[in-house]
Amino acid sequence: MSLRRLLGYNLVSAVVLGIVGYYVGWWLGHQITGPSIAYFSDTGQNDIALFLAYIVGVVGFLFGLGFMSYPIQRLLGKPPSLREKETAGPGRYFTLCTDHKVVGMQYLIGIGFFIFVGGLNAMLIRFELLSPTRETFNANNYLTLVGLHGTMMMGMMTSGILGPFANYFLPIMIGARRMAFPRIEALTFWLLMLAGVILMTTIGYGGFPTGWTGYAPLSDQANMGMDSYIVFFALVGISMCLLGLNMLATVITMRAPGMSWGRLPIFVWGVVSTAVLMLLAAPVLISTLFMLALDRTAQTGFFNDQAGGSPYLYQNLFWIFGHPEVYILALPGMGIVLEILPVFTRKPLWGYRLAVTGMLGITLLSWLVWQHHLFVSGINADLRPFYMLSTELISLPTGFIFICALGTLWEGRIRLTVPMLFVLAWLFNFLIGGLSGVFLSDVPSDVTTHGSFFSMAHFHYTIMGGLLFSFFAAIYYWVPKMTGFAINERWGKIHFWSMFIAFNSTFGPLLVIGFLGMPRRSVTYAGYLHGGNTWVSISAFVLGASMLVFLGNFIWSQVFARVPIGPNPWGSKSIEWQLPSPVPVHNFDRIPTFGPDPYPYGTDGPTPRIATVPARPTR
Amino acid sequence: MSLRSHSGRIAALTIAGTAIVLPLVIFVLGPNMPPGKHTTGAASQVTDNTVLLVVMTPFTVFILAYLGYALATFRAAPGEELRDGPPIRGHMPSQIAWLALTSAAVLFLAIFGTAELFASNGAGGGSGPKPIAKPSGAVLPIQVIGQQWEFTFRYPTYGGVETAQLVLPVNREIEFHVTSLDAIHSFWAYELGVKADANPGVDNIAFVKATKTGNFQIRCAELCGLWHGYMYDTGKVVDDSQFATWIAGERRQFAPIKKYLPAYSLTYQPDPQGRAG
Amino acid sequence: MVGTVLGVLVVAVLAGTYITFLTNGPTPYRPPSAVAAGRKSANLTLQTVAAIGPKLAPNENWVSFLVRENGTWHRSTVWTLPAHALVHVTVYQFDGKSGLRNPFLAQARGVVGGTFVVDGKTTSTINPDDASHTFAIPALGVIVPLLGVDDNAKNQCDFAPCSMSNAHTTITFTFRTGKKGHYRWQCFVPCAAGFLYGFGGPMQTIGYMDGFVNVV
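Read top to bottom, the protein sequences are chains A, B and C. In short: position in the first sequence from 1, add 4, done, that's the numbering used here. In short: position in the second sequence from 1, add 213, done, that's the numbering used here. In short: position in the third sequence from 1, add 21, done, that's the numbering used here.
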């Protein structure tokens, strides 16, 4: 590598500037607060310095990667450079690249890495819970593990499907050549990666004890590691907000001729509804964390009852973000399921409008339910019947998604390929997740299940059983298109069956254990739950091993075996499968036009026609 | 609908499955649902759990029967994998029926849950400082004070004595006042069916009446810091005479500290930082 | 192929380091003080200091307990004690007065005779405002408030290790260990200066004001 390239905008200069920025911020923080303020020297912790270190570090990293070059060029009156787009070769995956397909691949690998880190933490949690009393990790580190697992998964998986698959396929599906804001698209990815690294550094600052919810006043009180959590989630929030904005802008403005709203593939509808939630929910999160950061640095006391604040305020704000957040996790999975089902039943989607109504209904209702997380907290006790009703009402739009999935199976020509297996497993898992959710929505039942392993198992059924299974369905379905190489089907099936069985064998018993009185995030538990926990831990290890099967298969298939796959191995009639694998840089030679039917199975209707209108220049 | 049509067979499977599962749910699973029937609150939770299971059963059986039937029947023929299925784009009657059935179930559950919530005075859950539903007649107030990391208890009608152990008389309406001195805790007495968050500066009330004597577990159910997992204890439900003996003993034992305790209050505002230094 | 092997090795080493780090923890977690199992009585000698000082711990300003093992003071908060035995505890208390958030905890519980000895005086209670720390093993029902050094006392100890010539109070008491087990102990006085409610930092990090008692 020549010196000039080394000194230019690339990952190396970004990392160097990031580290320099970190120390500059750290130094600055100590200059501001300094030893003159006895307060900070008493705690031995300088939160201001750490916040500044993270923030200046992030800015330094982004500058080093070249995010400022475009605005600087424009300010200097020079013509904008397009070089981010032109980068070719494997190097483009390690730098600022505005090709939506490159960003999709970056997301897939980046998020995949952090999901495996989160999964490793889950394994360690289950290792600790093999015994009701003995501590393998000391009590600090156990709580940090719980927090790292939860926060990493909840933060990273928000973009788990939108990041890789919507970035890659949404422009193609609506007949566009790029996203509406390609630089913002790249920015969302790099912010997310920085966030992940920052969260990992928490163990160097003593970890954080609050789990992923970060309830104040515990988080006001926590060690410096809490700041990593705050910066992590704020960066994830910014990334999420920008991602949602970008998706919405793309779908609104960049649809090809013929692609009216009623013809959008259902996956795009899933993305649209998720993007609305992201755009509106993430700012609540960011401002909540800003208040929390002020509490920790400037001693504002928003969440301290003795300083005129209220712990309820944090809980309310967090769940106003937090409940839409869980639908941010669930909705793309529904989109994937309904998108893949027609392909492997060879039928049009059953009840397209009902499915869209369901998704939009969930989007709307998810704003009205947050206080079901506070049923026993003593706040607004008289409103509990309302939140019980609104929570149970969400099962109506969710039921729409279910009936559409079931209807699509009707008299279909089902092929049990690996993606289809994951989709069917999604139906089963999400059913259990939904049914267990009813217990949590019903106030009298919630008294026992609230804050227990029951609620933990419930949301693992919906998020892991729902989102992660649909994530894998999408990987097996779409990665061959993204890389051009097949994923070994035999090992894929081994992965599926081991994962499906181990998943249910882990979280099914956890529903029971929670109902029998095991609280969440507790390092000890009553002796009579020992047998059940041992069973669950062993199942969880099998579940972890099934992930290694996937990893091995994925790497072997994509790096070593490299069996080329044709343009359309599944016989799909969706537009992305009419393009070569992998999709060429500019997607289409000519912008396609779309017919009235997004799922032309069983009719003579053609697959989406490509190259009927001369291409317009995209810039 | 005959058994020769797909819909007829699925309907038959659903009805048969429901007919088998429903009695099991009502007579075997339901009465044994957690958290048991040691108190009025816990018993109403068991009733609720049973009703929820009953309502869910037909839907679950239908979806599983449908999935099983579809996977067994609607398969691609070997060698004809790419042959298209029939282009069915929806079926208005079944969509309307589904919407009607799920709406009915949801509305029923919401109304039933609300009625049960009020009938059982909050079913043991924390109902805030001014609960609407209250038991009629006399109640025994007991304050639960959460602090990092132990629960202590005060009996205002017994001279405001503070104790480290929780003992309740059987067959008396108890009014728990749950509060915290620092972070958020949650008072979870599993066998009593009581769970109420302990927020600093908030008085959170939960009602319960124990109907059996015996021990119960106390756990903290809201992450409250380092020793959250060790914030557990065992409480006791005893008969009236044993309770009288016990509380008299506690008042004797903790007489020396009495003069230092603050007057009984629904919430406490201790010196924010102590005199740390 | 070499690349794969190398990659797997790097990942394994990283994961191994991570797990080892979590198992050991960033805080010293010393092996238990030498107390032979099967004995019917044991001595436990502790001191509490206002600041641990730069030599013994990464957070020099944090308040901490120290334990005497074989005549020298260590910052260890994991203590091994024999089961069903009488434990004679001596605490040399060098820290100032902080005050309890819950005054109830200023009365001793679970100790032999229900009383303890402060500087030669036998009592069951101290003024909650004068407590500096507590010795408490909640699962064994043991709690003893530790009287703080007077604010005006001369020759106060700045940081550990403190010598007996520094101003201090001496608290002695005896409690009985129950069956074998792994019990936590903690301080109940909000003594973590600067943290909300005085309960962060050293109060939520094992190795300062929290630890375990292994009853064997």
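Virtual Cβ for every residue (Gly too), placed ideally from N, Cα, C.
*asked:* Check whether the stretch 356-373 of chain A and the stretch 381-395 of chain A touch, using three or more Cβ-Cβ pairs below 8 angstroms as the test.
replied: The answer is yes - the stretch 381-395 of chain A touches the stretch 356-373 of chain A, with three or more Cβ pairs under 8 angstroms.
*Go ahead and label valine 395(B) buried or exposed: buried means 16 or more other beta carbons lie within 10 angstroms of its beta carbon, across all protein chains shown.*
For the sequence presented, residue 395(B) should be read as aspartate rather than valine. Label assigned to aspartate 395(B): buried.
_Residues within the stretch 116-137 of chain C neighbouring chain B, beta-carbon criterion of under 7 angstroms_ = Gly117, Lys118, Ser119, Gly120, Arg122, Asn123, Pro124, Phe125, Ala127, Gln128, Arg130
_Beta-carbon contacts of phenylalanine 504(A) that lie in its chain and below 6 angstroms, excluding the five residues immediately before and after_ = Within the same chain, Ala429 come within 6 angstroms of phenylalanine 504(A) by CB-CB distance, once the 5 residues on both sides are set aside.
*Spatial distance of glycine 200(A) from glycine 274(A) (CA atoms)*: Glycine 200(A) and glycine 274(A): Cα-Cα distance of roughly 25 angstroms.
*Which chain A residues sit within Cβ distance under 8 angstroms of alanine 408(B)?*
It is lysine, not alanine, that sits at residue 408(B) in the sequence shown. Near lysine 408(B) (Cβ distances below 8 angstroms), the residues of chain A are Val380, Val451, Thr452, His454, Gly455.
*Between the beta-carbon of leucine 474(B) and the beta-carbon of isoleucine 431(B), is there less than 9 angstroms?*
Against a cut-off of 9 angstroms, the Cβ pair of isoleucine 431(B) and leucine 474(B) comes out as no contact.
*In whole angstroms, what separates the C-alpha of isoleucine 270(A) from that of methionine 444(B)?*
48 angstroms
*If contact means a Cβ-Cβ distance below 9 angstroms, which residues of the stretch 207-229 of chain C contact chain B?*
Gln207, Phe209, Val210, Pro211, Cys212, Ala213, Ala214, Gly215, Phe216, Leu217, Tyr218, Gly219, Phe220, Gly221, Met224, Gln225, Thr226, Ile227
*Please state if the CB of leucine 515(A) and the CB of alanine 409(A) are separated by a distance shorter than 9 angstroms.*
no
*Could you give the residue range of the alpha helix (DSSP H) that holds leucine 196(A)?*
186-204
*Using the beta-carbon of each residue, which ones in chain A are nearer than 7 angstroms to histidine 95(C)?*
Within 7 angstroms Cβ-Cβ: nothing; histidine 95(C) doesn't reach chain A, min ~17 angstroms.
*Validate contact between the stretch 216-235 of chain B and the stretch 266-278 of chain B using beta carbons, cut 8 angstroms, 3 pairs*: Flag = yes, the stretch 216-235 of chain B and the stretch 266-278 of chain B touch.
*Helix, strand or coil: which one does DSSP assign to aspartate 261(B)?*
helix
*Report the three-state DSSP secondary structure of valine 138(C) (helix, strand or coil).*
strand
*Answer yes or no: does any C-beta atom of chain C fall closer than 9 angstroms to that of alanine 226(A)?*
yes
*Can you give me the Cβ contacts of threonine 148(A) inside the same chain, cut-off strictly under 6 angstroms, excluding the 5 residues immediately before and after it?*
Gly211
*valine 553(A) versus glycine 48(A): straight-line alpha-carbon distance, rounded*: 46 angstroms
_Under 7 angstroms (Cβ pairs) to chain C, residues found in the stretch 140-153 of chain A_ = Thr140, Phe141, Asn142, Ala143, Asn144, Asn145, Leu149
_For asparagine 417(B) and proline 389(A), I'd like the C-alpha separation in whole angstroms._
18 angstroms
*Could you give the DSSP three-state label for valine 391(B): helix, strand or coil?*
strand
*Please decide whether proline 221(A) counts as near chain C, where near means a Cβ-Cβ distance under 9 angstroms.*
yes
_Extract the residue ranges of the alpha helix (DSSP H) inside the stretch 301-370 of chain B, only unbroken runs of 4 or more that lie entirely within it._
305-332
*Starting from the beta carbon of arginine 205(C), find every residue of chain B whose beta carbon is closer than 8 angstroms, and list them in chain order.*
What arginine 205(C) touches in chain B: Trp440, Tyr443.
*Could you check what DSSP says for alanine 42(A) in three-state terms: helix, strand or coil?*
Any reading at alanine 42(A) must be qualified, since the residue scores a pLDDT of 47, below 50, and its modelled position is unreliable; no value is offered.
*Chain-order list of residues whose beta-carbon lies under 8 angstroms from that of isoleucine 59(A) (same chain, five-residue window excluded)*: Counting only Cβ-Cβ distances below 8 angstroms, and skipping sequence neighbours, we find Gly29, Val235.
_Does chain A have any CB closer than 9 angstroms to the CB of histidine 251(B)?_
No, because no Cβ of chain A sits closer than 9 angstroms to the Cβ of histidine 251(B).
*Would the beta-carbon of alanine 419(B) fall within 9 angstroms of that of glycine 249(B)?*
no
_DSSP three-state assignment for aspartate 484(B), whether helix, strand or coil_ = coil
*Taking the C-alpha atoms as reference points, what is the distance between glutamine 562(A) and asparagine 492(A)?*
9 angstroms
*In the structure shown, what three-state DSSP assignment does proline 47(C) receive?*
Caution is warranted here: a pLDDT of 48 is assigned to proline 47(C), below 50, making its placement in the model unreliable, and no coordinate value can be reported.
*When the cut-off is 9 angstroms and only beta carbons count, does glycine 169(C) lie next to chain A?*
no
*Segment contact, 8 angstroms Cβ cut-off, at least three pairs: the stretch 294-310 of chain A with the stretch 220-228 of chain A*: yes
_Buried versus exposed call for valine 110(C) [16 or more other C-beta atoms within 10 Å across all chains shown]_ = buried
_CB contact check: valine 31(C) to chain A, cutoff 9 angstroms_ = no
*Who are the neighbours of phenylalanine 98(A) on chain B, taking C-beta pairs under 8 angstroms?*
Chain B residues near phenylalanine 98(A): none, gap ~38 angstroms exceeds 8 angstroms.
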